[in-house]
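Under the numbering used here, think of the first position of the sequence shown as 315, with each following residue one higher. Beneath this line is the structure, given in structure tokens, with notes to follow.
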Amino acid sequence: MRLVEATPDHIPHLAANMRDADVREVRALGRSSRDALEAGLRASLWALTAIDDEPVAMLGVAPKSMLEGVGVPWMLGSERVYSSGRALLSFAPRVIAEMEATFARLENVVDADNVRALRFLRWSGFEIYGAPVQIGGVSFLRFARV
315 MRLVEATPDH IPHLAANMRD ADVREVRALG RSSRDALEAG LRASLWALTA
365 IDDEPVAMLG VAPKSMLEGV GVPWMLGSER VYSSGRALLS FAPRVIAEME
415 ATFARLENVV DADNVRALRF LRWSGFEIYG APVQIGGVSF LRFARV
């Protein structure tokens, strides 16, 4: 597995094969899988695609407030994320360090039922905080890393 600069060419495969947990999140936020990937790529200062023999996940960081130094990390992947977990975990410290080189605070929301994502976020040093918020009929939890 390797990380490459994300391009629009990676979107069709990832959109067609997006894992159920990510589909649930993007639909609750009012987007289709394709639209969420396109919007993430467009809004991000930089984005990467994890590729094995095919795109497995796209991730990046978008500015929420450059003045306040707040970035919004995101990742959307296919079901192969689960079988590629060790490789993706090995990239996490370097990717998060790159995000933190630009932003003093990283924050976003995650589906409260997405146990695997919550476990990954905690492992990566993010704090899950606050009461759940309802978005599109789904309970989301806030997370941040300072």
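All residues carry an ideal CB built from backbone N, CA and C; glycine is no exception.
Can you tell me where the beta strand (DSSP E) with residue 419 in it begins and where it stops?
-> 419-425
Look at the Cβ atom of residue 337, then the Cβ atom of residue 371, and state whether they are nearer than 8 Å.
-> no
If we ignore side chains and look at the alpha-carbon of each, how far apart do residue 365 and residue 411 end up?
-> 20 Å
Do residue 388 and residue 402 have their CB atoms nearer than 8 Å?
-> no
Assigned exposure category for residue 459 - 16 Cβ within 10 Å defines buried = buried
Using the DSSP secondary-structure output, state which residues sit across from residue 363 in a beta bridge.
-> 318, 372
Start and end of the beta strand (DSSP E) containing residue 459?
-> 452-459
Select from 351, 317, 339 the residue whose C-alpha is nearest the C-alpha of residue 325.
-> 351
State the DSSP-derived secondary structure class of residue 403, mapped to helix, strand or coil.
-> helix
Does the region 373-383 come close enough to the region 321-335 that 3 or more CB-CB pairs lie under 8 Å?
-> no
Under 8 Å, do residue 457 and residue 421 count as touching if we go by C-beta distance?
-> yes
Assigned exposure category for residue 444 - 16 Cβ within 10 Å defines buried | exposed
Per DSSP, residue 449 forms a beta bridge with which residues?
-> 452
First and last residue of the uninterrupted alpha helix (DSSP H) at residue 343 = Looking at the DSSP string, residue 343 is not in any alpha helix (DSSP H), and its letter there is neither H nor E.
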